[in-house]
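Have a look at the structure below before the remarks.
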Amino acid sequence: MPLSSTYSTNYRGRFAPSPTGPLHLGSLTTALASYLDAKKNQGQWLLRIEDIDPLREMPGANEDIINTLEAHGLHWDESVYTQLDQSARYEQAIHRLIESKVAYHCRCSRKDLAENNGYHLSTCPRHTPLPPILPDTEPFAVRVAVTECQTKWNDLVTGEQTHRLRQEIDDFVIKRKEGFYAYHLAVVCDDIAQGITHIVRGADLLESTPFHLYLYQQLGHPAPIYAHTPIICNENGQKLSKQNLAPAIDNQTAQHNLYAAMQLLKMQPPKSLLTSSVQSLLAWGMHHWSFKPLQAG
Ligand code: GLU
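For what it's worth, the numbering used here labels the leading residue of the sequence shown as 54, then goes sequentially.
Shown next as structure tokens:
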């Protein structure tokens with residue numbers, strides 16, 4: 054049976070930035086889309102700082118993101134959720150997946166896998182029917198064993214999505230050899246813990262969604278509804294990102310930034326709103342919000 058998103062209850066959405074740098078127009082646009090969708094649906098909008106990877110973090114980015122959201126009137130419900138406090142939850146999920154023989158310990162390096170066309174070494178516990186526990190004398194990653202299946206969901210922006218997961222080749226890491234929890238595990242555990250029903254995020258994460266749906270199924274939890282908004286590019290066609298030196302949002306021009314973000318979301322706010330207030334611009338946005346203009350065709 055194909056895996057699919059089936060959740061439908063009181064709306065709880067979220068914005069989940071990684072504190073790898075300040076927000077730029079692309080990330081502000083994603084925040085705005087998830088905010089407007091939550092508010093249009095009388096839902097809650099939560100803020101989660103995805104500080105799972107200390108090596109990629111930029112000092113001060115956390116506060117910077119918070120200040121930018123506040124300056125743009127994007128006020129979240131409940132307290133800010135951070136991933137650093139969630140290790141017990143992640144360990145619990147890993148334990149459960151290992152117990153049910155869905156996850157296993159793996160020492161194959163990237164080089165091993167590349168040399169084997171994605172297949173694991175014959176000595177890897179991937180191939181043994183025994184409980185996949187290795188003596189912890191050498192570091193190992195924890196991977197989810199993927200069975201050949203089709204993932205399917207009806208994306209509110211990109212429409213019906215069907216992806217095929219391939220046995221063994223697509224086994225994905227949920228805890229790295231260095232001891233860090235992987236994004237795929239953390240995002241699913243946190244969305245479950247926060248009771249998230251709707252995920253509005255950038256289309257750069259479209260390819261990750263089949264792995265998330267697979268985890269939801271293995272953890273016995275209904276998946277949320279997804280909407281992947283278009284990637285915002287600079288004039289050279291490159292995705293706006295810190296790597297491509299996208300300029301940080303200037304909080305002094307909040308209204309102009311929101312106005313620009315709405316235009317990127319194919320909304321057409323009247324020019325007069327540029328000189329009103331952030332609140333009236335957001336109120337107009339809530340009233341006129343729809344995924345329709347973003348849908349192809
Ligand atoms: N933390 C991720 C990012 O900043 C977003 C994760 C998500 O929305 O699922 O790209």
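Note that CB positions come from ideal geometry on N, CA and C, so glycine has one too.
Could you check if Asp257 belongs to the surroundings of the ligand GLU, using beta carbon to heavy atom distance under 8 Å? yes
As assigned by DSSP and simplified to three states, the class of Leu85: Secondary structure at Leu85: helix, using DSSP grouped into helix, strand and coil.
For a test of your reading of the model: does the CB of Glu103 fall under 8 Å from any non-hydrogen atom of the ligand GLU? Yes or no. In this structure, Glu103 has its CB closer than 8 Å to one or more heavy atoms of the ligand GLU.
Could you please give me the residues that DSSP links to Gly157 through a beta bridge? First, the residue type needs correcting, since residue 157 is Tyr and not Gly in the sequence shown. Arg196, per the DSSP bridge assignment.
What are the partner residues of Gln321, as DSSP defines its beta bridges? Paired residue(s): none; Gln321 is not in a bridge.
May I have the straight-line CA-CA distance separating Leu127 from Arg67, to the nearest angstrom? 11 Å
Run through DSSP, which three-state label would Gln220 get? coil
In this structure, does DSSP put Arg67 in helix, strand or coil? Here DSSP, grouped into helix, strand and coil, assigns Arg67 to strand.
Just list the beta strand (DSSP E) runs in the stretch 236–273, keeping only unbroken ones of 3 residues or longer that don't cross its boundaries, in chain order. 251–255
In chain order, which alpha helix (DSSP H) runs of at least 4 residues are fully inside the stretch 69–153? 78–93, 114–124, 140–152
Neighbourhood of Tyr236 by C-beta distance below 7 Å, restricted to the same chain and skipping five residues each side: Ile105
On the DSSP letters alone, give me the boundaries of the beta strand (DSSP E) that Thr205 sits inside. The amino acid occupying residue 205 in the given sequence is Lys; Thr does not appear at that position. From DSSP, the beta strand (DSSP E) with Lys205 extends over 202–208.
Own chain partners of Asn94 with C-beta closer than 7 Å, once the 5 adjacent residues on each side are dropped: Tyr64
Using the Cα positions of Gly96 and Ala256, report the straight-line distance between them to the nearest angstrom. 22 Å
Own chain partners of Asp130 with C-beta closer than 8 Å, once the 5 adjacent residues on each side are dropped: Gln97, Trp98, Leu99
The stretch 239–249 touching the stretch 165–180, judged by at least three CB pairs closer than 8 Å: no
Report whether the distance from the Cβ of Ile302 to the nearest heavy atom of the ligand GLU is below 8 Å. no
Cutting at 6 Å between CB atoms, please list the residues of its own chain near Thr211, excluding the five before and the five after it. His281
Kindly give me the distance between the Cβ atoms of Arg109 and Thr73, rounded to whole angstroms, as I take these residues to be in contact under 8 Å. Rounded, the Cβ-Cβ distance is 5 Å, consistent with contact.
If you follow the alpha helix (DSSP H) that Lys164 is in, where does it begin and where does it stop? Taken as a continuous stretch (DSSP letters only), the alpha helix (DSSP H) holding Lys164 covers 163–168.
Would DSSP call Gly212 helix, strand or coil? strand
Using the Cβ count rule (16 or more neighbours within 10 Å means buried), how would you classify Asp90? buried
Between the alpha carbons of Leu298 and Leu76, how many angstroms are there, rounded? 12 Å
Compare the Cα-Cα distances from Ala194 to each of Gln220, Phe233, Ala86, Pro300 and report the closest residue. Phe233
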